[in-house]
Amino acid sequence: NAGVTQTPKFQVLKTGQSMTLQCAQDMNHEYMSWYRQDPGMGLRLIHYSVGAGITDQGEVPNGYNVSRSTTEDFPLRLLSAAPSQTSVYFCASRPQVIAKNIQYFGAGTRLSVL
Amino acid sequence: DAKTTQPPSMDCAEGRAANLPCNHSTISGNEYVYWYRQIHSQGPQYIIHGLKNNETNEMASLIITEDRKSSTLILPHATLRDTAVYYCIVTGGFKTIFGAGTRLFVKA
Chain A
344 NAGVTQTPKF QVLKTGQSMT LQCAQDMNHE YMSWYRQDPG MGLRLIHYSV
394 GAGITDQGEV PNGYNVSRST TEDFPLRLLS AAPSQTSVYF CASRPQVIAK
444 NIQYFGAGTR LSVL
Chain B
96 DAKTTQPPSM DCAEGRAANL PCNHSTISGN EYVYWYRQIH SQGPQYIIHG
146 LKNNETNEMA SLIITEDRKS STLILPHATL RDTAVYYCIV TGGFKTIFGA
196 GTRLFVKA
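Listed in order, the protein sequences are those of chains A and B.
Sequential numbering of the first sequence, starting at 344, is according to our numbering.
Sequential numbering of the second sequence, starting at 96, is according to our numbering.
Here you go:
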């Protein structure tokens with residue numbers, strides 16, 4: 344059981360480049376989320392999804408796009424990377440039942456934008 | 096989702112109990128209290144959660160006040176490996192919002 348898998352683990356981009364951070368989970372969880380964590384700070388919610396075909400914005404959605412075509416995958420797209428998007432990105436998934444809102448996190452993607 | 100307030104940092108001696116407080120005075124009736132921790136730059140790890148009753152598992156205990164406006168996470172015998180950032184989260188819906196958490200330093 345792999346859990347939540349994020350790729351790549353590290354990435355360096357130049358300003359203006361685009362890229363997609365991949366996230367996949369094999370637990371059949373309905374809910375998936377993307378967070379970013381800047382140095383010394385807590386996690387901030389970027390986008391989340393409550394099921395295939397349904398996404399919504401979190402606290403800091405600007406500059407990022409998401410889609411959810413399958414239950415398993417929830418990719419995060421940076422349209423035009425900026426130095427302010429240098430951060431560690433975490434993907435998480437959890438089951439739908441609120442009484443068991445236990446989120447499982449991936450290992451993170453460390454992104455540097457030069 | 097209700098907001099939470101936690102102290103930015105705390106110290107604890109190895110082998111002693113670590114008591115981490117959290118205020119959530121605007122919590123509503125259908126919202127749960129969840130605790131996670133983050134060691135170094137790893138992804139956060141679930142610890143425990145509760146609605147209104149006290150809870151205990153192999154990692155920790157959670158004490159929720161009767162009015163549910165605050166809670167305390169208890170690590171009964173802290174070890175050096177418990178040094179981490181601990182997040183208290185209140186959630187009843189789709190979004191899970193993390194605050195800044197409490198940085199716990201366990202000292203030998």
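Ideal Cβ placement from N, Cα and C applies to all residues, glycine included.
If you check the CB distance, S361 (chain A) and S423 (chain A) come in under 8 Å. Of all residues in the segment 388-414 of chain A, the ones placed with a Cβ closer than 8 Å to any Cβ belonging to chain B are L388, Y391, V393, D399, G401 and E402, in chain order. Within the segment 419-447 of chain A, V431, F433, C434, A435, R437, I441, A442, K443, N444, I445, Q446 and Y447 place their CB atoms closer than 9 Å to a CB of chain B, listed in sequence order.
For a Cβ distance threshold of 7 Å, residue set L388, Y391 and G401 of chain A lies close to K190 (chain B), ordered along the chain. Here the segment 150-169 of chain B does not lie against the segment 427-435 of chain A, with fewer than 3 beta-carbon pairs under 8 Å apart.
Contact between the segment 379-391 of chain A and the segment 406-423 of chain A is established, with three or more Cβ pairs separated by less than 8 Å. Within the segment 386-451 of chain A, the runs of beta strand (DSSP E) at least 3 residues long that lie entirely inside it are, in chain order, 386-394, 397-400, 407-409, 419-421 and 430-437.
Under the three-state reduction of DSSP, R453 (chain A) is assigned to strand.
Annotation for F193 (chain B): no beta strand (DSSP E) segment contains it, and DSSP assigns it neither H nor E. Annotation: P426 (chain A) to L457 (chain A) spans about 6 Å, alpha carbon to alpha carbon. In this structure, the straight-line span from the alpha carbon of G110 (chain B) to that of H372 (chain A) is close to 37 Å. Following the DSSP letters along the chain, one finds L199 (chain B) inside the beta strand (DSSP E) bounded by residues T197 to K202. Classified as buried, A179 (chain B) has 16 or more neighbouring CB atoms from the shown chains inside 10 Å of its CB. Non-local beta-carbon contacts of M105 (chain B) in its own chain, meaning distances under 8 Å to residues more than five positions away in sequence, involve A113, L115, T197, R198, L199 and F200 in chain order.
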